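Enquirer: Protein sequences, first through last, are from chains A and B.
Counting in full-length UniProt numbering, the first sequence runs from 1 upward without gaps.
Counting in full-length UniProt numbering, the second sequence runs from 1 upward without gaps.
Pasting a structure below so you can have a look.
2 protein chains.
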Amino acid sequence: MSDHDQSPHLTASSSNSNSGDALPPVGEHARQYETVRNAHETELIEDYVELIGDLIQHRGEARAADIATRMGVSQATVSKMIRRLNELGLVTSKPYRSLFLTEEGQKMAETSRARHDIVLHFLRALGVNDHTARIDAEGMEHHVSNETLSIMQRFIDEQTRR
Amino acid sequence: MSDHDQSPHLTASSSNSNSGDALPPVGEHARQYETVRNAHETELIEDYVELIGDLIQHRGEARAADIATRMGVSQATVSKMIRRLNELGLVTSKPYRSLFLTEEGQKMAETSRARHDIVLHFLRALGVNDHTARIDAEGMEHHVSNETLSIMQRFIDEQTRR
DNA sequence: CAAATAGTTTAGCCTTGGCTAACAATGATA
DNA sequence: TATCATTGTTAGCCAAGGCTAAACTATTTG
Ligand SMILES: [Mn+2]
Ligand SMILES: [Mn+2]
Ligand SMILES: [Mn+2]
Ligand SMILES: [Mn+2]
Numbered sequence: 001m002s003d004h005d006q007s008p009h010l011t012a013s014s015s016n017s018n019s020g021d022a023l024p025p026v027g028e029h030a031r032q033y034e035t036v037r038n039a040h041e042t043e044l045i046e047d048y049v050e051l052i053g054d055l056i057q058h059r060g061e062a063r064a065a066d067i068a069t070r071m072g073v074s075q076a077t078v079s080k081m082i083r084r085l086n087e088l089g090l091v092t093s094k095p096y097r098s099l100f101l102t103e104e105g106q107k108m109a110e111t112s113r114a115r116h117d118i119v120l121h122f123l124r125a126l127g128v129n130d131h132t133a134r135i136d137a138e139g140m141e142h143h144v145s146n147e148t149l150s151i152m153q154r155f156i157d158e159q160t161r162r
Numbered sequence: 001m002s003d004h005d006q007s008p009h010l011t012a013s014s015s016n017s018n019s020g021d022a023l024p025p026v027g028e029h030a031r032q033y034e035t036v037r038n039a040h041e042t043e044l045i046e047d048y049v050e051l052i053g054d055l056i057q058h059r060g061e062a063r064a065a066d067i068a069t070r071m072g073v074s075q076a077t078v079s080k081m082i083r084r085l086n087e088l089g090l091v092t093s094k095p096y097r098s099l100f101l102t103e104e105g106q107k108m109a110e111t112s113r114a115r116h117d118i119v120l121h122f123l124r125a126l127g128v129n130d131h132t133a134r135i136d137a138e139g140m141e142h143h144v145s146n147e148t149l150s151i152m153q154r155f156i157d158e159q160t161r162r
């Protein structure tokens, strides 16, 4: 277990036992899970596009091999994914050459990057260790509504101007 | 689009452009994505177990049909999932009867419930609307480290005692 | 410029988590 | 008690996202 996994007191923190709360109305409850399922459909795509954008920006080009090592995944997996991104109109690619983002891809990369940054900076502003904040942000970013994002941004601003 | 999706100003918030930051070291970066992939393997399981626990607690029993409507998913999908939970030693079930959690299942339900509650209460304490907070919490909960969870708990406590 | 190395793609396999349609059991009610 | 509505199961389909092994292309180097 890394320091990402120190155990806090997760059981029976009396100050916030939800046991008394009733279950949400069925329809609402179902829509919550549905939102999560939808997020899961797009998150990998977003992470790839965001990473490709970052590689182009910081390295000058995005090569499949780099994506593979960065993502911790086989090259075959990346190759397959690139085909998908292509079909979705997010990247353009010629066989055996490096990748480029389409207009739409660039837009997605920017949006994802901005969202990712807000979540990361928010966690740091909250007091979370940088290393942990990076890990948490990578997963959380896809499940944060725009409403929450705005509030996080406000929190960062307040924290910063001080 | 629901009110969950109001657009804030996501592009070019100068105060937190990460563009200057270099990419993280490769190994670290890969481990971030790996952590997310691992979370995705367990999250559905956790949500099922948590929901089963909630149904037993609030309704007296957990029936497959209720799980299906709550999750917004077909009964066939639930039936298949129950077989998996069984194999994992998280629930016991006799054909055509309602479900019970094993010791291990109960432990997981409690832990998940506690984590879910902290995230939900944290979001509300931050100022997020209850409806949105519920949606966000359902997805975020699986990507929040124990370190962050502790900090969220502290934040709630401070907010509450005031 | 030929060979070796590095990078990319393809084929084929697997698991997960959805679905629909058909069938089976249970339990309520006529 | 026989019937029917509700609930649960099974079979078979699909897409996504992993993998390894093998084939192919590009680039570097002797
Ligand atoms: Mn991510
Ligand atoms: Mn990201
Ligand atoms: Mn939950
Ligand atoms: Mn959840």
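Ideal placement from N, C-alpha and C gives every residue a C-beta, glycine not left out.
Source: prediction; values computed, not measured.
Is there a Cβ of chain B sitting closer than 8 Å to that of A/T148, yes or no?
Expert: Yes, A/T148 lies at the interface with chain B (some Cβ there is under 8 Å from its Cβ).
Enquirer: Kindly say whether A/V49, judged by its beta-carbon, lies nearer than 8 Å to any beta-carbon of chain B.
Expert: With 8 Å as the cut-off, A/V49 does not count as an interface residue toward chain B.
Enquirer: Under DSSP, the alpha helix (DSSP H) around B/Y33 begins and ends at which residues?
Expert: Taken as a continuous stretch (DSSP letters only), the alpha helix (DSSP H) holding B/Y33 covers 26 to 59.
Enquirer: Just mark B/D54 as buried or exposed, buried being the case when its beta carbon has 16 or more other beta carbons within 10 Å.
Expert: So B/D54 ends up on the buried side.
Enquirer: With three or more beta-carbon pairs closer than 8 Å as the criterion, would you say the segment 67 to 76 of chain B touches the segment 44 to 58 of chain B?
Expert: Result yes; three or more Cβ-Cβ pairs closer than 8 Å.
Enquirer: Ordered along the chain, which non-local residues of its own chain (more than five positions away) have a Cβ less than 7 Å from that of A/L120?
Expert: Correct list, in chain order: A133, R134, A137.
Enquirer: Please confirm whether B/S14 has its beta-carbon closer than 8 Å to some beta-carbon of chain A.
Expert: Because B/S14 carries a pLDDT of 37, less than 50, the predicted location of this residue cannot be relied on, and the following value inherits that uncertainty. False, the Cβ-Cβ gap to chain A never drops below 8 Å.
Enquirer: List, in chain order, every chain B residue whose beta-carbon is nearer than 8 Å to that of A/E34.
Expert: By Cβ distance, chain B contributes G72.
Enquirer: Checking 8 Å against the spacing of the C-beta atoms, do A/V128 and B/G139 come in under that value?
Expert: Not in contact: A/V128 and B/G139 (Cβ atoms no closer than 8 Å).
Enquirer: Run down chain B in chain order and give the residues with a C-beta less than 9 Å from the C-beta of A/A30.
Expert: Those within 9 Å of A/A30 in chain B are T69, R70, M71, G72, V73.
Enquirer: Ligand 1: which residues have Cβ under 7 Å from any of its heavy atoms, chain order?
Expert: Those residues are A/E43, A/E46, A/D47, A/H116, A/E138, A/G139, A/E141, A/H142, B/V36, given in chain order.
Enquirer: Please go through the same chain and pick out, in chain order, the residues whose beta-carbon is closer than 8 Å to the beta-carbon of A/G20, but skip the five residues on each side of it.
Expert: Note that A/G20 scores a pLDDT of 49, beneath 50, so its modelled location is shaky and nothing firm can be said.
Enquirer: Assuming A/I118 and A/L99 form a contact by the criterion Cβ under 8 Å, report the distance between their Cβ atoms to the nearest whole angstrom.
Expert: At roughly 26 Å, the Cβ-Cβ gap does not stay under 8 Å, so A/I118 and A/L99 are not in contact.
Enquirer: Report the three-state DSSP secondary structure of B/S17 (helix, strand or coil).
Expert: Confidence in B/S17 is poor, its pLDDT being 40 and thus under 50, which makes the residue's placement too unreliable to answer from.
Enquirer: Out of curiosity, what's the CA-to-CA distance linking A/G105 and A/I156?
Expert: For A/G105 and A/I156, the distance between alpha carbons rounds to 28 Å.
Enquirer: Does DSSP put B/A62 in a helix, a strand or coil?
Expert: In the structure shown, B/A62 sits in a strand (DSSP, three-state: E or B).
Enquirer: Give a yes or no on whether 8 Å exceeds the smallest Cβ distance from A/G127 to chain B.
Expert: Judged by the 8 Å Cβ criterion, A/G127 is in contact with chain B.
Enquirer: So, is A/T148 buried or exposed, given that buried needs 16 or more other C-beta atoms within 10 angstroms?
Expert: Flag for A/T148 reads buried.
Enquirer: Quick check on this structure: which residue in A/E28, A/A22, A/L23 has the alpha carbon closest to the alpha carbon of B/H131?
Expert: Selected option, being the one with the closest Cα: A/E28.
Enquirer: At a threshold of 7 Å, does B/E41 count as lining ligand 3 (C-beta to nearest heavy atom)?
Expert: The answer is no for B/E41.
Enquirer: Taking Cβ-Cβ distances shorter than 8 Å, what residues in chain B pair up with A/V78?
Expert: Per Cβ cutoff of 8 Å: no residues; A/V78 is ~12 Å from chain B at best.
Enquirer: I need the straight-line Cα distance from B/E141 to A/E87, nearest angstrom please.
Expert: Distance between the alpha carbons of B/E141 and A/E87: 32 Å.
Enquirer: Cβ closer than 7 Å: which chain B residues qualify as neighbours of residue 217 of chain A?
Expert: The question about residue 217 of chain A has no answer here: the residues shown for chain A are numbered 1 through 162.
Enquirer: Do A/H143 and A/A39 have their beta-carbon atoms positioned less than 8 Å apart in this structure?
Expert: Result yes, Cβ atoms of A/A39 and A/H143 sit closer than 8 Å.
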